[in-house]
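In this note's numbering, the protein residues as written are 1 to 455.
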Amino acid sequence: MAIATINPATGELLKTFEPLNDAEIAHKLDLAQQAFEKYQKISFQERSVWMQKAADILEQEKADFAKIMTLEMGKPFKAAIAEVEKCALVCRYYAEHAAEFLADVTVKTDASHSFVKYQPLGIILAVMPWNFPFWQVFRFVAPALMAGNVGLLKHASNVPQCALAIEEIIQRAGFPTGVFQTLLIGAAKVADLMSDDRVKAATLTGSEPAGASLAAASGKQIKKTVLELGGSDPFIVLESADLEAAVTTATTARMLNNGQSCIAAKRFIVVETIADKFEKLLLEKFQALKVGNPMESETDLGPLATPDILKEIDQQVQAGVKNGAKVLTGGHPLSDRPGNYYPPTILTDISPENPVAQEEFFGPVAMLFRVPDIDAAIKIANSTPFGLGASAWTTNSQERDRLIEEIEAGSVFINGMVKSDPRLPFGGIKRSGYGRELSIQGIHEFVNVKTVWVK
Ligand code: NAP
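Here you go:
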């Protein structure tokens, strides 16, 4: 894929970028390694001043950064502003907590003194997607840099200006040259980078094929990876739930980021007794959403990020229909305008044999399933290859405990939508990936957990 900014709202090619050649990549690797040798010795206190400064820059210039995001990948401007604010939050969180998370831990043994010491690994490669082009990067950058690692970013090819803006923020914040660099390169260069001895580990957020490919390249070199991949999160609604709140949250959770979020609720699993009412209310909410120019403040749903994603989502919907699903609303691209617009869509009557029941819809398409009881709800929830997040709605404590216990996912949210929070670990199981980001678990992914034993 060419490295370029193409406005998804208009299809206009705004800027193209020449990928780095091999000599330029080698130079950046040298710079990163030299930077690491000094940076690893810098105190938490000094790193924390720079990280707080990065947060200041993000907050002070949030409208400029949000505009770049909206221009490159089409998310509503107001959501882009919220994303920049959240990046500032994660910078502050690790600026304040890294020293405590990575402090030596004494363990009593037969030694005079034995303890666990956390040390940085070196250069970490981050391969990132376009959907939260700032947040995905900052949730890696903040813990990685606070731990004393240095970062190389291979961002998605359709968000080069976001990638360059992030590099500039880190530099302006005061971090030494080379501590964080953007590499404008295609995906084909990633395996070569992993075979360089100086690159110690990698994190990838993106699709399954990309994750598998990075994991294979890293596996050959015995290097650690963290993978945050796709999801088809269930959203279970049981009889005792607050239906109004559930439907409102269901709409937000499905439409967030124009429907292109890994932790969006994608499969709505509702018990029969309340299913007609849920369906009616959901339909009303979906039809009331304003689809349009993402720069306008009243827009709820902007365009999909690329023409390929639009094509793919439509193909999935048509395949679902061919296999027996019914379209309640939406179901075809909006052809009355330029750009990659797909309307809010609801699919019902999806049999377990319908292949789409197992797939991730990376766009504004909700799948609605009716079930007789909680047993069937949990069975359907667990019936995909994914295991990222799950949202479940009930006021019955026994049902709540079963949902927490039995849902196969990296997170379960009861009576709320799945969201990431710097204070809580984030990640998936099954084909949604492995490893965790955020919280104390996130900063422990890319450190050497060194055992020290002194007699
Ligand atoms: P993608 O095509 O996998 O792209 C993600 C990143 O991987 C991009 O930088 C891409 O570079 C790179 N890439 C692609 N193929 C690669 C390969 N073979 N080797 C190494 N790198 C490769 O994913 P996407 O379509 O942009 O993103 C959508 C997917 O990401 C969805 O499945 C979504 O659920 C998932 N996602 C997961 C999370 C999470 O936290 N779990 C968060 C957001 C998104 P190019 O752009 O140059 O191809």
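Even for Gly, the Cβ is constructed at its ideal location relative to N, Cα and C. None of the values given here were measured: they were computed from a predicted structure.
Between isoleucine 346 and leucine 310, the beta carbon gap of about 18 Å keeps them out of contact (Cβ cut-off 8 Å). At least 8 Å separates the beta-carbon of glycine 427 from that of glutamate 168.
At the C-beta level, valine 150 and glycine 178 come within 8 Å of one another. Exclusion of threonine 5 from the 7 Å shell around ligand 1 follows from its C-beta lying no nearer than that to any non-hydrogen atom of the ligand.
Spatial neighbours of arginine 402 in its own chain (CB-CB distance under 8 Å, excluding positions within 5 residues in sequence) are listed in chain order as Ile374 and Ile378. Rounded to whole angstroms, the separation of the alpha carbons of glutamine 398 and alanine 66 is 43 Å. The nearest non-hydrogen atom of ligand 1 is less than 7 Å from the C-beta of glutamine 136. In this structure histidine 27 is exposed. Its beta-carbon is surrounded by fewer than 16 other beta-carbon atoms within 10 angstroms. Taking non-hydrogen atoms of ligand 1 into account, the C-beta of cysteine 162 is found less than 7 Å away from none of them.
Within the same chain, and ignoring the five residues on either side of phenylalanine 413 in sequence, the residues whose Cβ sits closer than 8 Å to its Cβ are Gly389, Ala390, Ser391, Ala392 and Lys419. Annotation for methionine 367 indicates a beta carbon at 7 Å or more from all heavy atoms of ligand 1. Note that the segment 196 to 203 touches the segment 220 to 239; at least 3 beta-carbon pairs, one per stretch, sit closer than 8 Å.
A distance of 8 Å or more separates the beta carbons of alanine 126 and leucine 89.
Closest option to asparagine 257, judged by alpha-carbon separation, among Glu284, Thr299, His97 and Leu283: Thr299. The C-alpha of isoleucine 313 is placed about 14 Å away from the C-alpha of proline 355. In this structure, the C-beta of proline 129 approaches ligand 1 to less than 7 Å from one of its heavy atoms.
Ranked by Cα distance from glycine 231, the options Leu14, Lys220 and Ser207 are led by Ser207. Counted as a single uninterrupted DSSP element, the alpha helix (DSSP H) harbouring glutamine 161 occupies residues 160 to 173. For secondary structure counted as the alpha helix (DSSP H) over 4 or more consecutive residues, the segment 204 to 263 holds these complete runs in sequence order: 208 to 220 and 243 to 255. Annotation for isoleucine 68: Gln161, Cys162 and Ala165 place their beta carbon closer than 6 Å to its own, counting only its chain and skipping 5 residues before and after. Within the same chain, Gly387 and Gly410 come within 6 Å of isoleucine 429 by CB-CB distance, once the 5 residues on both sides are set aside. The continuous alpha helix (DSSP H) containing glutamine 52 extends over residues 44 to 60.
Going by DSSP, histidine 97 is part of the alpha helix (DSSP H) stretching over 77 to 101.
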